[in-house]
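What follows is a single structure, written as structure tokens, with notes after it.
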Amino acid sequence: MHIPASDDSRLSAQQLSLFPLPVLLFEPQGLRIREVNDVALSWLGHDRAALLERSILDLLRPDYVERMLSYAARFAAQAWTSGEWVVLRADGSSFEARSFSRSVLWNGEPLRLAVLEDISEPRRHLRALQESEQQYRATMGAALVGVFVLQDFRFRYVNPALCRYFGYSAEELVGYLGPLDLVVPEEHDFLRDQMRRRAAGEPGEPYELTGLRRDGSRFPLMIFGAPSTWHGEPASVGTVFDLSEIKAAEDRIRQLAYFDPLTGLPNRSLLEDRAGQVLLRAGRDRRPATLMFIDLDRFKTVNDSLGHLMGDALLRQAGQRLRDSVRQSDTVARLGGDEFIVLAPDTGAEGAVRLAEKILEVFAAAFDLDEREITISPSIGIARYPEDGKDFPGLLQSADIAMYQAKREGRNAFRLFSIEMNAPILETLLLETQLRRALEYGQLSLAFQPMVDIASGRIVGAEALLRWQHPQHGEISPARFIPVAEESGLIVPIGEWVLEQAVAQARRWRDEGHHNLVMAVNLSALQFERLDISGTVLDLLDRHGLPGAALELELTESVLMQDAERAVAAMVDLAARGVRLSVDDFGTGYSSLAYLTRLPLAKLKIDRSFIRNIPSDTSARSVARTILDLARSLELEVIAEGVENEAQLMLLQDWGCDQAQGFLYSRPVAARAFERLLRDGQVAPAL
65 MHIPASDDSR LSAQQLSLFP LPVLLFEPQG LRIREVNDVA LSWLGHDRAA LLERSILDLL
125 RPDYVERMLS YAARFAAQAW TSGEWVVLRA DGSSFEARSF SRSVLWNGEP LRLAVLEDIS
185 EPRRHLRALQ ESEQQYRATM GAALVGVFVL QDFRFRYVNP ALCRYFGYSA EELVGYLGPL
245 DLVVPEEHDF LRDQMRRRAA GEPGEPYELT GLRRDGSRFP LMIFGAPSTW HGEPASVGTV
305 FDLSEIKAAE DRIRQLAYFD PLTGLPNRSL LEDRAGQVLL RAGRDRRPAT LMFIDLDRFK
365 TVNDSLGHLM GDALLRQAGQ RLRDSVRQSD TVARLGGDEF IVLAPDTGAE GAVRLAEKIL
425 EVFAAAFDLD EREITISPSI GIARYPEDGK DFPGLLQSAD IAMYQAKREG RNAFRLFSIE
485 MNAPILETLL LETQLRRALE YGQLSLAFQP MVDIASGRIV GAEALLRWQH PQHGEISPAR
545 FIPVAEESGL IVPIGEWVLE QAVAQARRWR DEGHHNLVMA VNLSALQFER LDISGTVLDL
605 LDRHGLPGAA LELELTESVL MQDAERAVAA MVDLAARGVR LSVDDFGTGY SSLAYLTRLP
665 LAKLKIDRSF IRNIPSDTSA RSVARTILDL ARSLELEVIA EGVENEAQLM LLQDWGCDQA
725 QGFLYSRPVA ARAFERLLRD GQVAPAL
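Counting in the working numbering, the sequence shown runs from 65 upward without gaps.
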């Protein structure tokens with residue numbers, strides 16, 4: 065029986081459950097039980113909580129405790145051990161068992177894994193054999209494992225189970241054949257030596273062999289033999305156990321541990337193992353090797369818009385195309401998401417470029433997804449051994465950097481790693497570290513830009529905008545740090561902080577008499593993905609005593625692309641409390657009109673990119689007018705951002721746009737400066 069060795073064991077409760085026999089994990093020193101599978105619970109009659117508090121010794125009949133202690137002393141010296149025991153059940157009954165144990169790692173901790181086999185029945189049969197052949201023959205026929213008696217290397221007795229294993233009748237086996245006839249020829253020498261040892265009276269350990277059935281098919285088996293007598297003459301008796309189910313379970317465990325379940329490609333664990341072997345040979349033989357990091361461009365958009373089933377189908381097809389593009393000696397692995405790795409031994413820069421060009425060419429053809437043709441391209445980063453990394457982590461990092469460079473330069477391309485690529489990556493990492501500290505050390509603040517009613521010039525709201533004052537570098541532009549916050553996930557805690565500060569400020573202004581002022585706050589798609597956003601916002605409103613109508617949440621169109629159903633549900637909850645919802649930067653994304661009609665929106669914001677050129681660009685004017693007409697048909701307010709001159713304002717006024725914000729009225733200002741604007745009541749355009 066093969067039990068995974070400690071250097072390749074990545075056992076989990078799910079994997080243990082695949083074993084058809086009882087499995088126990090216990091401490092090699094204290095013998096305390098740490099984990100069991102469901103089969104063990106069924107056999108032993110204990111519930112899991114009670115069993116995990118006990119020692120292996122508690123499960124043994126008292127006269128077997130000393131034997132277990134002597135076995136435990138050998139755990140460190142022997143890779144695996146086996147033994148026979150009388151095991152106690154929870155109800156006080158017992159059964160005879162044979163154990164096979166091996167050292168493994170469990171969540172990084174060295175433990176002992178034991179598999180139990182119930183041998184009560186064959187043991188009873190063997191005792192019956194020694195007492196009475198007639199009694200033995202009567203009871204042995206029902207045995208579930210194969211049992212045999214051997215003299216002069218020929219079978220003298222076989223039970224029906226052994227006959228079923230190999231496809232022979234008892235008459236064909238007894239007196240004519242022996243174990244050598246039932247195993248593959250390449251294992252004859254080993255088996256012959258074992259039989260001689262048993263015939264000489266030596267005790268033995270169980271051993272694995274490959275059985276050979278009458279029809280020529282093979283199957284894994286385990287044999288255990290012991291010296292005995294037959295009709296008063298020396299003999300060997302033994303049991304044969306079919307390991308097919310156990311081996312199948314081990315194969316399933318290996319598949320789970322080393323292969324990606326979606327694509328069937330090697331996963332990171334197997335990739336690391338193969339990379340170690342490839343780089344060891346490459347270093348020894350002074351040969352090159354290449355590692356490619358491949359990311360599918362805009363896969364997230366496809367996955368979110370078409371659904372995860374389509375996304376999974378696309379990943380499977382992409383994996384197959386990559387596999388078809390490489391040599392037999394190359395490895396294609398999936399790291400996760402839409403990230404793939406190609407490991408190519410004996411491949412230098414020229415070969416890597418040819419392979420990358422081939423992959424780009426293969427991906428140029430559309431993918432067929434349930435009668436839909438989808439085109440998706442890869443961005444490929446290439447790292448070479450030993451120039452770009454001396455080990456797998458180093459090569460992976462270099463290839464990752466090169467892949468991002470390919471994305472930055474337009475996607476659907478490959479780039480070879482160069483040391484110069486490190487500079488922007490390091491700058492981003494440094495900015496991320498400093499941004500994390502900025503939140504902790506109070507370097508962030510809010511500025512507020514007036515939202516103005518165009519017809520009256522009255523301030524009707526304030527948009528809260530994030531600012532970062534660095535102690536050494538001064539004010540850092542949001543255009544620099546917001547993308548870093550989004551990519552790193554820091555936008556989630558920062559966004560929560562912004563919400564908290566904005567709601568608190570809105571409450572203060574309301575207390576000062578500005579009851580109709582609306583506070584607008586931007587939300588990122590990541591906040592919708594990772595937070596219970598409706599619960600978070602409503603809790604803030606309750607804590608600060610702010611009515612929902614005093615808060616406006618600006619959502620980007622990407623929120624709808626992430627998880628439309630979840631977004632709609634959250635928006636409905638918020639709108640039910642009076643919270644105003646608007647779509648920010650409208651017209652720059654891929655909003656579906658069907659989604660807009662389902663959402664409880666109050667406002668659309670025309671992006672500044674359209675407002676900038678409306679005095680001179682007919683296309684920009686057409687887009688802006690279309691958005692205004694759409695908003696009217698949906699009975700939504702419209703606000704234009706980035707209004708900077710009178711010509712823009714005059715057109716917006718003529719078209720009936722409701723609100724505007726921009727430098728023409730006021731730059732974003734601190735809370736105190738905004739309060740001065742509020743006291744004036746109106747904001748005159750700075751013409």
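Glycine residues also receive a C-beta, built at the ideal position from the N, C-alpha and C atoms.
What separation, rounded to the nearest whole angstrom, lies between the Cα atoms of Gly521 and Asn709? Along the sequence shown, one-based indexing puts residue 521 at 457. Along the sequence shown, one-based indexing puts residue 709 at 645. Cα to Cα, the separation comes out at about 15 Å.
Q) With Val304 and Thr274 assumed to form a contact (beta carbons below 8 Å), what rounded beta-carbon distance in angstroms separates them? A) Within the sequence shown, numbered from 1, the residue matching residue 304 stands at position 240. Within the sequence shown, numbered from 1, the residue matching residue 274 stands at position 210. So it is not a contact: roughly 12 Å between Cβ atoms.
Is the stretch 380 to 398 touching the stretch 327 to 345, taking contact as three or more C-beta pairs under 8 Å? Contact between the stretch 380 to 398 and the stretch 327 to 345 is present, because at least three Cβ pairs lie under 8 Å.
Report task. Look at the Cβ atom of Ile97, then the Cβ atom of Leu108, and state whether they are nearer than 7 Å. Result -> Reading the sequence shown from its first residue, position 33 is the one you call residue 97. Reading the sequence shown from its first residue, position 44 is the one you call residue 108. No; because the gap between Cβ atoms is not below 7 Å, this pair is not in contact.
Problem set entry | DSSP beta-bridge partners of Glu181 | In the sequence shown, counting from the first residue as 1, residue 181 sits at position 117. Paired residue(s): Arg162.
Three or more C-beta pairs below 8 Å linking the stretch 361 to 371 and the stretch 404 to 422 = no
*Every unbroken beta strand (DSSP E) within the stretch 433 to 480, with a cutoff of 3 residues, ordered by chain*: Under the rule that a run must span 3 or more residues, the beta strand (DSSP E) segments found entirely inside the stretch 433 to 480 read 436 to 438, 442 to 449 and 478 to 480.
Fill in: Selection from Ser509, Leu604 and Ala519 that minimises the alpha carbon distance to Ser541
Working through the sequence shown from its first residue, we reach residue 541 at position 477. Checked all of Ser509, Leu604 and Ala519; the closest Cα to Ser541 is Ser509.
message: Per DSSP, what are the beta-bridge partners of Trp561 in this structure?
response: What you label residue 561 is simply residue 497 of the sequence shown in a count that begins at 1. In DSSP, Trp561 forms no bridge with anything.
_Quick check for students: name the residue ranges of the alpha helix (DSSP H) that lie wholly in the stretch 103 to 137, counting only runs of 4 or more._
112 to 115 and 129 to 136
- Task: Taking only the alpha-carbon atoms, compute the straight-line gap between Glu272 and Arg398 and give it to the nearest angstrom.
- Result: Along the sequence shown, one-based indexing puts residue 272 at 208. Along the sequence shown, one-based indexing puts residue 398 at 334. In a straight line, the C-alpha of Glu272 is about 35 Å away from that of Arg398.
C-alpha distance - Leu602 paired with Gln565, whole-angstrom precision: Against the sequence shown, residue 602 aligns to sequence position 538. Against the sequence shown, residue 565 aligns to sequence position 501. Answer to the nearest angstrom: the Cα atoms are 15 Å apart.
- Can you round the beta-carbon distance between Val19 and Leu419 to whole angstroms, since I take them to be within the 8 Å contact cut? This structure cannot speak to residue 19, because the chain is shown only from 65 to 751.
Notebook entry, point to check: Alpha carbon to alpha carbon, what distance is there between Gly210 and Phe254?
Noted result: By one-based count along the sequence shown, residue 254 stands at place 190. By one-based count along the sequence shown, residue 210 stands at place 146. Rounded to whole angstroms, Phe254 to Gly210 spans 20 Å at the Cα level.
* Asked: Which residue or residues does DSSP assign as beta-bridge partners of Tyr221?
  -> Here residue 221 is taken as the residue at index 157 of the sequence shown, counted from 1. Paired residues: Val213.
> Exposed or buried, which one is Asn171 when buried takes at least 16 other CB atoms within 10 Å?
Replying inline: Within the sequence shown, residue 171 is the residue found at index 107, counting from 1. Asn171 should be labelled exposed.
Practice task
Tell whether a beta-carbon distance below 7 Å holds between Phe431 and Pro442.
Solution key: Taking the sequence shown and counting its residues from 1, one reaches residue 431 at position 367. Taking the sequence shown and counting its residues from 1, one reaches residue 442 at position 378. No. Outside cutoff.
| query | Would you say Ala178 and His110 are within 7 Å of each other, going by their C-beta atoms? | reply | For the purposes of this step, residue 178 is taken as the residue at position 114 of the sequence shown. For the purposes of this step, residue 110 is taken as the residue at position 46 of the sequence shown. The answer is no: Cβ separation not under 7 Å.
| Tell me the DSSP bridge mates of Phe90? | Stepping through the sequence shown from its first residue, residue 90 is reached at position 26. Bridge partners of Phe90: Ile97 and Arg176.
Original post:
For Arg188 and chain B, any beta-carbon pair shorter than 7 Å?
Top reply: The chain labelled as chain B is not found in the depicted structure, where only one protein chain is given.
So what's Asn580 in DSSP terms, helix, strand or just coil?
The residue you call residue 580 lines up with position 516 of the sequence shown. Coil, per DSSP.
* **Option nearest Leu587 by Cα separation, candidates Glu618, Arg572 and Ala487** => Sequence index remark: in the sequence shown, residue 587 carries index 523 (1-based). Checked all of Glu618, Arg572 and Ala487; the closest Cα to Leu587 is Glu618.
*asked:* Could you give the first and the last residue of the continuous beta strand (DSSP E) run that contains Tyr322?
replied: Translated into the one-based positions of the sequence shown, residue 322 becomes position 258. Boundaries for Tyr322: no beta strand (DSSP E) harbours it, while the alpha helix (DSSP H) harbouring it runs Ser308 to Tyr322, taken from the DSSP string.
* **According to DSSP, residues forming a beta bridge with Leu694** => To locate residue 694, count along the sequence shown from 1; it is residue 630. Residue pairing by DSSP places Leu694 in no beta bridge whatsoever.
Cβ of Leu407 within 7 Å of Cβ of Thr395? Taking the first residue of the sequence shown as 1, we reach residue 407 at position 343. Taking the first residue of the sequence shown as 1, we reach residue 395 at position 331. It is a contact, given that the beta carbons lie within the stated cut-off.
Does DSSP put Val426 in a helix, in a strand, or in coil? Numbered from 1 along the sequence shown, position 362 holds the residue referred to as residue 426. Three-state result, Val426: helix.
Notebook entry, point to check: In whole angstroms, what separates the C-alpha of Gly599 from that of Phe323?
Noted result: Looking up residue 599 in the sequence shown gives position 535. Looking up residue 323 in the sequence shown gives position 259. If you take the alpha carbons of Gly599 and Phe323, they lie about 39 Å apart.
Item to complete: Reducing DSSP to helix, strand and coil, say where Glu42 ends up.
Response: This structure cannot settle anything about residue 42, because the visible part of the chain is limited to 65 through 751.
- Message: My output table needs one value for Thr354: the three-state DSSP class, helix, strand or coil.
- Response: By one-based count along the sequence shown, residue 354 stands at place 290. Thr354: strand per DSSP, three-state reduction.
* **Stretch-stretch touch, CB-based, cutoff 8 Å, three pairs: the stretch 471 to 489 with the stretch 511 to 521** => no
CA-to-CA distance, Ala113 to Asp102, given in whole angstroms: Taking the first residue of the sequence shown as 1, we reach residue 102 at position 38. Taking the first residue of the sequence shown as 1, we reach residue 113 at position 49. One C-alpha to the other measures close to 12 Å.
**Prompt:** Any idea what DSSP makes of Ala568, helix, strand or coil?
**Reply:** Numbered from its first residue, the sequence shown carries residue 568 at position 504. Residue state, collapsed to three classes: helix.
Rounded to the nearest angstrom, what separates Gly231 and Tyr449 at their Cα positions?
In the sequence shown, the residue the question calls residue 231 occupies position 167. In the sequence shown, the residue the question calls residue 449 occupies position 385. Approximately 54 Å, taken between the alpha carbons.
Exercise for review: Could you have a look at Val417 and say whether DSSP puts it in helix, strand or coil?
Suggested key: Working through the sequence shown from its first residue, we reach residue 417 at position 353. Looking at Val417 - three-state DSSP - the assignment turns out to be helix.
- [ ] In angstroms with no decimal places, state the Cα-to-Cα distance between Asp359 and Lys422.
- [x] One-based indexing of the sequence shown puts residue 359 at position 295. One-based indexing of the sequence shown puts residue 422 at position 358. Going from the Cα of Asp359 to the Cα of Lys422 covers about 15 Å.
* Exposed or buried, what is Leu133 when buried is set at 16 or more other beta-carbons lying within 10 Å of its beta-carbon? -> What you label residue 133 is simply residue 69 of the sequence shown in a count that begins at 1. Leu133 comes out exposed.
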